[in-house]
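Residue numbers (the numbering used here): 70 to 409. We put the beta carbon where it would ideally sit given N, CA and C, even for glycine. Have a look at the structure below before the remarks.
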Ligand code: PHE
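As structure tokens, then:
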């Protein structure tokens, strides 16, 4: 049924108002603006208009057509703008919604301390060497001048595997292996696990050491103290001082025990340093000439310094841990405290 122009306008306005979606808009277009739509039908009506009125009718119908098209376009813009607005709203991210925090791991305090210690020495030009955990008597004892039946063998309670093989009791056999494979100048670190039949609050049958060895011309005890002094300053604090005390190791002569001034009380005396103001941190000394000779190094031309540091001990001091076992239990709640 062809509308008369006024009826068409009224019907269009009513339909236009009802349009709420893009689908309804398409329906509206089909009903009014398509080839079979009402506007086209109105235009076809020109045939039945007397000739003298054709021009005016044509003009009028064209105006209606333009008007319908404009109304339609405006509606389309409105619907598209609404759709876009809706899309924005649907895709809005609420930045205030709490996120699920994924638990992330952290370095074990022993690993962290070991890496820190190594990086301080690496800054002084040390290389890393790693030896085997199963050693023979020769490397662990004899060539380090710990002779058979010598009482110094009892200094370390050894886990023997066979007559000759053992779990290394210290990282010092690394010194022999390095000097066997390298000529001076030598400047190496030997980190690794060591084993002794010993267990209490401050000892564990397995623990770790960091061995240091420097062999060159004119190496003296002063070099050892200077090196270790700057090491403890970097590791603990600039205020920390070192002192050497005479000690005994068969593979160093002279041998020293190195203490640091207590970094908790500053040397006044407290529970950490047991009232002495000093804390023992490592053993070391000048490499015994016999050990150099055992490795084919001329002890008149070269001298060396060596030291061995207990890594757990440093971690315990640094973090105030009172039982070494805590470092091996892998209690997650305990380890979480060391998140960097
Ligand atoms: N190996 C010794 C120990 O385990 C430490 C040490 C290393 C001492 C090097 C002197 C030189 O106790």
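According to DSSP, residue 263 shares a beta bridge with 276. DSSP, read as helix, strand or coil, puts residue 247 in helix. Residue 84 and residue 160 have their alpha carbons spaced roughly 31 Å apart. Around the C-beta of residue 206, 16 or more other C-beta atoms lie within 10 Å, and the residue is accordingly described as buried. Note that the C-beta distance between residue 311 and residue 340 is not below 9 Å.
DSSP places residue 311 in the uninterrupted beta strand (DSSP E) bounded by 311-318. Counting along the chain, residue 300 sits inside no beta strand (DSSP E); it lies in the alpha helix (DSSP H) bounded by residues 290-304. Between the beta-carbon of residue 108 and that of residue 97 there is about 12 Å, and that puts the pair past the 8 Å contact cut. In this structure, DSSP gives residue 166 a state outside helix and strand, which the three-state scheme calls coil.
Within 10 angstroms of the beta-carbon of residue 384 lie 16 or more other beta-carbons, which makes it buried. For residue 127, the uninterrupted alpha helix (DSSP H) run begins and ends at 120-159, by DSSP.
Taking C-beta atoms as the reference points, residue 270 and residue 399 fail to come closer than 9 Å. Burial is judged here by how many other beta carbons sit within 10 angstroms of a residue's own beta carbon; residue 208 has at least 16 and is buried.
Taking 9 Å as the cut-off, the Cβ atoms of residue 321 and residue 372 do not count as close. Residue 340 sits in coil when the DSSP states are folded into three classes, being neither helix nor strand. Annotation: residue 380 to residue 218 spans about 30 Å, alpha carbon to alpha carbon.
In this model, residue 101 and residue 138 are separated by some 9 Å (Cα to Cα). For a cut-off of 8 Å, the C-beta gap from residue 240 to residue 257 is around 11 Å, too long to register as a contact. DSSP, read as helix, strand or coil, puts residue 367 in coil. Short note on residue 311: C-beta not closer than 8 Å to any heavy atom of the ligand PHE.
The Cβ atoms of residue 347 and residue 328 lie closer than 9 Å to each other. For residue 115, no alpha helix (DSSP H) segment is defined, and its DSSP state is neither H nor E.
In the structure shown, the three-state DSSP call for residue 349 is strand. Fewer than three pairs of CB atoms, one per stretch, sit closer than 8 Å, so the segment 141-149 makes no contact with the segment 123-130. Ranking 188, 250, 111, 176 by CA distance to the CA of residue 76 puts 111 first. Per the Cβ contact rule, the segment 185-200 is not in contact with the segment 224-232 (fewer than 3 Cβ pairs under 8 Å). Taking residue 303 as reference, the option from 326, 136, 92, 188 with the minimal CA-CA separation is 188. Looking at the backbone, the Cα of residue 278 and that of residue 166 are separated by about 48 Å. For the 9 Å CB-CB criterion, residue 353 and residue 293 form a contact. For residue 265, the CB contacts under 6 Å within the same chain, skipping 5 residues up- and downstream, are 225, 226, 238 in chain order.
Burial of residue 363 is indicated by the presence of at least 16 other C-beta atoms within 10 angstroms of its C-beta. Annotated three-state conformation of residue 218 is coil, per DSSP.
Counting along the chain, the unbroken alpha helix (DSSP H) around residue 403 starts and ends at 401-405. Counting other Cβ atoms within 10 Å of its Cβ, residue 92 stays below 16 and is therefore classed as exposed.
Straight through space, the alpha carbons of residue 151 and residue 118 are spaced by roughly 42 Å. The closest CA to that of residue 324, considering only 376, 153, 280, is found on 376.
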